[in-house]
Amino acid sequence: MRSIRWLAVIPFLALIVGPFFVNRPTPLILGLPVLLAWIVAWILLTSLIMAVIYAADPANRDGAP
Amino acid sequence: MNAALPFIAAAALLALALGFLARRGKDMNLEQWTVGGRGFGALFVFLLLAGEIYTTFTFLGGSGYAYGKGAPAYYILAYGTLAYVLSYFMLPPIWRYAKENRLYSQSDFFVRKYDSPTLGIVVTLVDIAALVPYLVLQLKGLGIIVEVAGYGAISATPAIWIGAIIVAAYVMVSGVHGSAWTAVAKDIMILAVVIFLGLYLPYHYYGGLEPMFTAIEEAKHGFTSLPPRGESLWWFSSTVLLTALGFFMWPHSFGSIYTARNATVLRKNAIWLPLYQLILLFVFFVGFAATLQVPGLTGSDIDLALFKLSAKTFDPWFVGVIGATGVLTALVPGSMILMTAATLIANNLYRAVNPAADDRQVSRLARVLVPVVALVAVVFTLRGGNTIVALLLMGYSFVTQLFPSLVLSLARHNIATREGAMAGIIAGVATVAAVSLSGANFHALHWLPPEIQDLNVGIIALAVNVVVLIAVSLAMRLAAAPARAPAE
Chain A
157 MRSIRWLAVI
167 PFLALIVGPF
177 FVNRPTPLIL
187 GLPVLLAWIV
197 AWILLTSLIM
207 AVIYAADPAN
217 RDGAP
Chain B
2 MNAALPFIAA
12 AALLALALGF
22 LARRGKDMNL
32 EQWTVGGRGF
42 GALFVFLLLA
52 GEIYTTFTFL
62 GGSGYAYGKG
72 APAYYILAYG
82 TLAYVLSYFM
92 LPPIWRYAKE
102 NRLYSQSDFF
112 VRKYDSPTLG
122 IVVTLVDIAA
132 LVPYLVLQLK
142 GLGIIVEVAG
152 YGAISATPAI
162 WIGAIIVAAY
172 VMVSGVHGSA
182 WTAVAKDIMI
192 LAVVIFLGLY
202 LPYHYYGGLE
212 PMFTAIEEAK
222 HGFTSLPPRG
232 ESLWWFSSTV
242 LLTALGFFMW
252 PHSFGSIYTA
262 RNATVLRKNA
272 IWLPLYQLIL
282 LFVFFVGFAA
292 TLQVPGLTGS
302 DIDLALFKLS
312 AKTFDPWFVG
322 VIGATGVLTA
332 LVPGSMILMT
342 AATLIANNLY
352 RAVNPAADDR
362 QVSRLARVLV
372 PVVALVAVVF
382 TLRGGNTIVA
392 LLLMGYSFVT
402 QLFPSLVLSL
412 ARHNIATREG
422 AMAGIIAGVA
432 TVAAVSLSGA
442 NFHALHWLPP
452 EIQDLNVGII
462 ALAVNVVVLI
472 AVSLAMRLAA
482 APARAPAE
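In the order they appear, the protein sequences are chains A and B. Each number in my numbering corresponds to the 1-based position in the first sequence with 156 added. Each number in my numbering corresponds to the 1-based position in the second sequence with 1 added.
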């Protein structure tokens, strides 16, 4: 299950490369300019990704150091 | 006397009281004072690590940045998120090594990993060169907040003195416990105040977020997306990457890692800290709301946008509540910086020169140094200087130079030698200083493509650092190899 750690690469791509594709003021998404909405969405998804990594990581099981 | 002042005074007294109470029941030896006896659970570690996000830089600078420049402010949201992703993998091994070797400071980590007290001195000097501007930044912000929120009843100078004395007092008594306790009050207040402001102001003035951003786009076309040149996409991506790498290199953030009870605490926080960042979104809403409502602030005055709009909108007592929150956002990070700087000087400069000094002496010296460092910061603050963001960026570039040799030292086989690490850090820091002091950037090099011209100049310093680190490490290994070979 160690390969699941590679999910952590996705937020980097999304927030460093992703903006090149979404740098527009309109349309507004939930009231936000596209780039801002993109960043906010990826903050939520990053938290989710970290939760998945955490759950799959044997280091977090009971009794692990 | 006006209705705002009692609230601001109450915040200062609350910080002082919590800061002193935090000491109770603890035998304040060096380990308790500086790393909380390595016994903090998830909440305290969370608040200490989150302390980095909610400083006066975010409160004033974040809203001011959105107000003055628009979309480039978004970078603040993005870099923290990536730093927390890194934290999941980077912090547990740092914590474990620090616990096994009973480390107190960031410099200790380098000293032990590279077996070089001299490297520790270099790292300490870099840290202090970054920490003092950061402390100045907090004090400057504090002065602005008290002066503006108090409607000028107390001017910035006495406010800065009072703030510095309060912080120095409770740091001397309680160390990191004082920071943790006051952080609880700070974060509760800032959550409530910032979310309220960020929701209320756009609705009050525009009828909602969508009408607000539509109105801004109509009045200032292109303001809510990144410009094609200058603070462009290339600037954005390079800055997000650089600041994400530098995030945990701040010595006070690094020190908060040591306070954790176990490594799981750190991994669990990597899930929640990104979400906590979203509070910054509401700070931006305040700044955006202010763009069309209190126009005309320029230069370093953009940092006043939040308070100008609040003063226009609310009764003085509520401006006082906002000011009280602002005071706490200055005091809490200020306390961590002050404690860290004092620990570094006592533990990594004094002890490096007097290896015979025991923990008791170092602990006593660190506490004596607290008011000294505070005084130095006050003097720098009152003698003026740059705008808030500019000050922070230079310190940020300094500490980011520690990243390569730190990350390499976590690998099983460290390719960097102590000479390589030291040369890399020195070369990187020298590049930052040369670039910042000369005001140079890639725009001076007209023959470069415009995309490259927009890159954050910190990239150069980091590249110089890595190249020097690798070159010197290789050279040292090659020089040492023939001598070692016969022995094997």
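Beta carbons are placed, not taken as given, at the ideal position from N, Cα and C, and that holds for glycine.
{"Item": "Between the region 276-291 of chain B and the region 158-166 of chain B, do three or more beta carbon pairs fall short of 8 Å?", "Value": "no"}
{"Item": "Alpha carbon to alpha carbon, how far is Leu-200 (chain A) from Leu-188 (chain A)? Give it in angstroms, no decimals.", "Value": "15 Å"}
{"Item": "Report buried or exposed for Phe-60 (chain B), applying the criterion of at least 16 other Cβ atoms within 10 angstroms of its Cβ.", "Value": "buried"}
{"Item": "Taking Val-433 (chain B) as the reference, which of B:Ala-67, B:Gly-459, B:Ala-154 has the closest Cα?", "Value": "B:Gly-459"}
{"Item": "To which residues does DSSP link Phe-249 (chain B) through a beta bridge?", "Value": "Answer is none; Phe-249 (chain B) lacks a bridge partner."}
{"Item": "Can you tell me the Cα-Cα spacing of Glu-219 (chain B) and Phe-286 (chain B), whole angstroms?", "Value": "17 Å"}
{"Item": "Look at the Cβ atom of Gly-151 (chain B), then the Cβ atom of Asp-304 (chain B), and state whether they are nearer than 8 Å.", "Value": "no"}
{"Item": "Can you tell me the Cα-Cα spacing of Ile-389 (chain B) and Val-371 (chain B), whole angstroms?", "Value": "Because the pLDDT of Ile-389 (chain B) is 46, which lies under 50, any placement of that residue in the model is unreliable, and the question is left without a value."}
{"Item": "Taking just the CA atoms, how far does Val-374 (chain B) sit from Val-133 (chain B)?", "Value": "8 Å"}
{"Item": "For Gly-209 (chain B), would you say it is in contact with chain A, using Cβ-to-Cβ distances shorter than 8 Å as the test?", "Value": "yes"}
{"Item": "Relative to the C-alpha of Gly-20 (chain B), which candidate in B:Val-168, B:Pro-73, B:Leu-307 has its C-alpha closest?", "Value": "B:Val-168"}
{"Item": "How would you call Val-165 (chain A), buried or exposed, if buried means at least 16 neighbouring beta carbons within 10 angstroms?", "Value": "exposed"}
{"Item": "Report the option in B:Ala-193, B:Tyr-207, B:Trp-236 whose CA atom is closest to the CA atom of Ile-172 (chain A).", "Value": "B:Trp-236"}
{"Item": "Consult DSSP for Phe-41 (chain B) and reduce its assignment to one of helix, strand or coil.", "Value": "strand"}
{"Item": "Below 7 Å on C-beta distance, what does Ile-195 (chain A) contact in chain B?", "Value": "Tyr-75, Leu-78, Ala-79"}
{"Item": "Take Gly-396 (chain B) and list the residues in its own chain whose beta-carbon comes closer than 6 Å to its own, dropping the five residues that flank it on each side.", "Value": "Ala-131, Pro-134, Tyr-135"}
{"Item": "Considering only DSSP beta bridges, list what Leu-188 (chain A) is partnered with.", "Value": "A:Ile-185"}
{"Item": "What runs of the beta strand (DSSP E), each 3 residues or longer, lie entirely inside the region 167-219 of chain B?", "Value": "none"}
{"Item": "At the 8 Å Cβ level, is Val-287 (chain B) part of the contact set with chain A, yes or no?", "Value": "no"}
{"Item": "Ile-199 (chain A) CB to nearest chain B CB: under 8 Å?", "Value": "yes"}
{"Item": "What in chain A is Cβ-close to Val-328 (chain B), meaning under 7 Å?", "Value": "Within 7 Å Cβ-Cβ: nothing; Val-328 (chain B) doesn't reach chain A, min ~28 Å."}
{"Item": "Take the Cβ of Asp-455 (chain B) as the centre, count every other Cβ of all protein chains shown within 10 Å, and call the residue buried at 16 or more, exposed below.", "Value": "buried"}
{"Item": "Can you name the residues of chain A whose CB is closer than 8 Å to the CB of Gly-223 (chain B)?", "Value": "Pro-181"}
{"Item": "Pull up the distance between the alpha-carbon of Ala-378 (chain B) and that of Tyr-171 (chain B), whole angstroms please.", "Value": "17 Å"}
{"Item": "At which residues does the alpha helix (DSSP H) containing Val-123 (chain B) begin and terminate?", "Value": "118-150"}
{"Item": "Run down chain D in chain order and give the residues with a C-beta less than 7 Å from the C-beta of Thr-265 (chain B).", "Value": "Within the model displayed, chain D is absent; protein chains A and B are what it includes."}
{"Item": "Within 8 Å of any Cβ in chain A, is that where the Cβ of Glu-218 (chain B) sits?", "Value": "yes"}
{"Item": "Could you check what DSSP says for Ala-261 (chain B) in three-state terms: helix, strand or coil?", "Value": "strand"}
{"Item": "In whole angstroms, give me the CA-to-CA distance for Pro-221 (chain A) and Phe-249 (chain B).", "Value": "Because the pLDDT of Pro-221 (chain A) is 49, which lies under 50, any placement of that residue in the model is unreliable, and the number read from its coordinates should be weighed accordingly. When rounded, the distance between both Cα atoms is 23 Å."}
{"Item": "Can you find a C-beta in chain B that's less than 8 Å from the C-beta of Ser-159 (chain A)?", "Value": "no"}
{"Item": "With a threshold of 7 Å on Cβ separation, who are the neighbours of Arg-268 (chain B) within its own chain once the five nearest residues in sequence on each side are excluded?", "Value": "Tyr-89, Pro-93"}
{"Item": "Taking the Cβ atom as the reference point for each residue, do Met-337 (chain B) and Ser-180 (chain B) lie within a distance shorter than 8 Å?", "Value": "yes"}
{"Item": "Locate the alpha helix (DSSP H) running through Glu-452 (chain B), then write down its first and last residues.", "Value": "451-454"}
{"Item": "How close, in whole Å, do the beta carbons of Gly-1 (chain B) and Arg-262 (chain B) come, if the pair is a contact with beta carbons under 8 Å?", "Value": "This structure gives no information on residue 1 (chain B), because the portion of chain B shown stretches from 2 to 489."}
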